[in-house]
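Chemist: Residue numbers (my numbering), protein chains in the order written: chain A, 476 to 584; chain B, 476 to 584.
Built from N, CA and C at the ideal position, the CB exists for glycine as well.
Remember, predicted model here, so these are calculated numbers, not experimental data.
2 protein chains.
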Amino acid sequence: MTGRTPFSELRARMSPASQARATAKSGLLEQEMALAELRRAMKLSQEEIAAALNINQASVARMEKRTDMYIGTLRRFVQAMGGELDIIARFPDRQIRIDQFRDLAAPEG
Amino acid sequence: MTGRTPFSELRARMSPASQARATAKSGLLEQEMALAELRRAMKLSQEEIAAALNINQASVARMEKRTDMYIGTLRRFVQAMGGELDIIARFPDRQIRIDQFRDLAAPEG
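#1: Secondary structure at Ile562(A), three-state DSSP: helix, strand or coil?
#2: From the DSSP output, which residues share a beta bridge with Ile421(A)?
#3: Quick check on Arg577(B): does DSSP put it in helix, strand or coil?
#4: Hey, Ile546(A) and Val535(A) are a contact pair by Cβ (cut 8 angstroms); roughly how many whole angstroms apart?
#5: Closest Cβ-Cβ distance between Arg551(B) and chain A: below 8 angstroms?
#6: Do you know whose CA, among Pro567(A), Arg577(A), Met508(A) and Leu528(A), lies nearest Lys540(A)'s CA?
#7: Taking the straight line between their C-alpha atoms, what separation do you get for Asn531(A) and Phe552(A)?
#8: Looking at the secondary structure, which residues open and close the alpha helix (DSSP H) in which Lys540(A) lies?
#9: Is the beta carbon of Arg569(A) sitting closer than 8 angstroms to the one on Gln506(B)?
#10: Rounded to whole angstroms, what's the CA-CA distance from Leu560(B) to Ala533(A)? Just pull it up for me.
#11: Return yes when the Cβ of Gly557(A) is within less than 8 angstroms of the Cβ of Glu565(B), no when it is not.
#12: Give me the Cα-Cα distance between Leu528(A) and Met538(B), rounded to the nearest whole angstrom.
#13: Measuring only between beta-carbons, confirm whether Ile530(B) sits less than 8 angstroms from chain A.
#14: Using DSSP bridges, identify the partner residues of Met556(B).
#15: I need the straight-line Cα distance from Ile563(A) to Thr542(A), nearest angstrom please.
#16: Quick one: using the 10 Å Cβ neighbour count with 16 as the cut-off for buried, is Arg515(B) buried or exposed?
#17: Thinking C-alpha only, which one of Arg577(A), Ser520(A) and Leu519(A) is nearest Leu549(A)?
#18: Go to Leu510(B), then tell me how far its alpha helix (DSSP H) extends in each direction, as first and last residue.
#19: Between Ala527(A) and chain B, is the shortest Cβ-Cβ distance under 8 angstroms, so that the two count as touching?
#20: Taking only beta-carbon atoms, is Gly584(A) less than 8 angstroms away from chain B?
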């Protein structure tokens with residue numbers, strides 16, 4: 476309540492494209508992780524993800540071992556960690572965000 | 476054969492992260508497209524994608540209408556257009572490339 480806006484909040488107000496540019500400039504885009512690694516980096520337990528997704532912990536453990544899954548399933552997992560999923564088709568001369576799989580907030584089951 | 480290396484080739488030799496940074500700087504990351512739109516932008520027909528994926532044209536048409544699909548399926552579609560698929564979890568303060576779904580070049584059926 477000091478009247479100052481935290482950096483993280485300013486950052487969150489930027490458009491996805493601006494965020495991507497700022498992140499790329501800072502070099503953070505280099506990080507690559509598997510899902511379990513990312514979850515641990517976010518200091519979240521399998522139980523917490525399970526609660527957010529309304530599934531059990533064993534299902535989260537199984538998801539973290541999968542080498543393929545539906546985009547919608549992955550999106551919900553990433554959203555449960557507080558993030559957003561971007562699907563990018565990368566070509567030598569351009570990069571396109573594929574927006575066809577968005578806005579599928581339909582709950583499972 | 477003039478001894479000069481085309482820009483597109485130099486670009487292709489950069490690491491994915493460097494490409495992403497360079498593309499982001501140029502502002503091209505802003506582009507968002509659906510699969511069919513992207514295919515047309517790459518000047519490819521449904522028949523050409525079908526031939527590359529060893530499926531028929533009607534299957535390509537159906538894929539382009541889907542609002543969810545397996546990451547592996549989308550990756551093969553993007554590769555058939557000459558691109559690579561990047562799966563990015565975007566947070567306010569960082570961006571992580573999820574590498575768990577890579578290297579799944581196993582052909583279908």
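Modeler: The structure says:
#1: strand
#2: Absent from the structure is residue 421(A), since the part of chain A shown begins at 476 and ends at 584.
#3: coil
#4: Actually they are not in contact, since the Cβ atoms of Ile546(A) and Val535(A) sit about 18 angstroms apart, beyond 8 angstroms.
#5: no
#6: Met508(A)
#7: Going from the Cα of Asn531(A) to the Cα of Phe552(A) covers about 13 angstroms.
#8: Gln532 to Lys540
#9: yes
#10: 29 angstroms
#11: The residue you asked about is not Glu; residue 565(B) is Arg in the sequence shown. Result no, Cβ atoms of Arg565(B) and Gly557(A) do not sit closer than 8 angstroms.
#12: 27 angstroms
#13: no
#14: According to DSSP, which records beta bridges pairwise, Met556(B) is partnered with nothing at all.
#15: 18 angstroms
#16: exposed
#17: Arg577(A)
#18: In the DSSP annotation of this structure, the continuous segment of the alpha helix (DSSP H) that includes Leu510(B) starts and ends at Leu510 to Ala516.
#19: Not closer than 8 angstroms to any Cβ of chain B, the Cβ of Ala527(A) fails to qualify, so no.
#20: Reliability of the predicted coordinates at Gly584(A) is poor, the pLDDT of 37 falling under 50, and no value is obtained from them.
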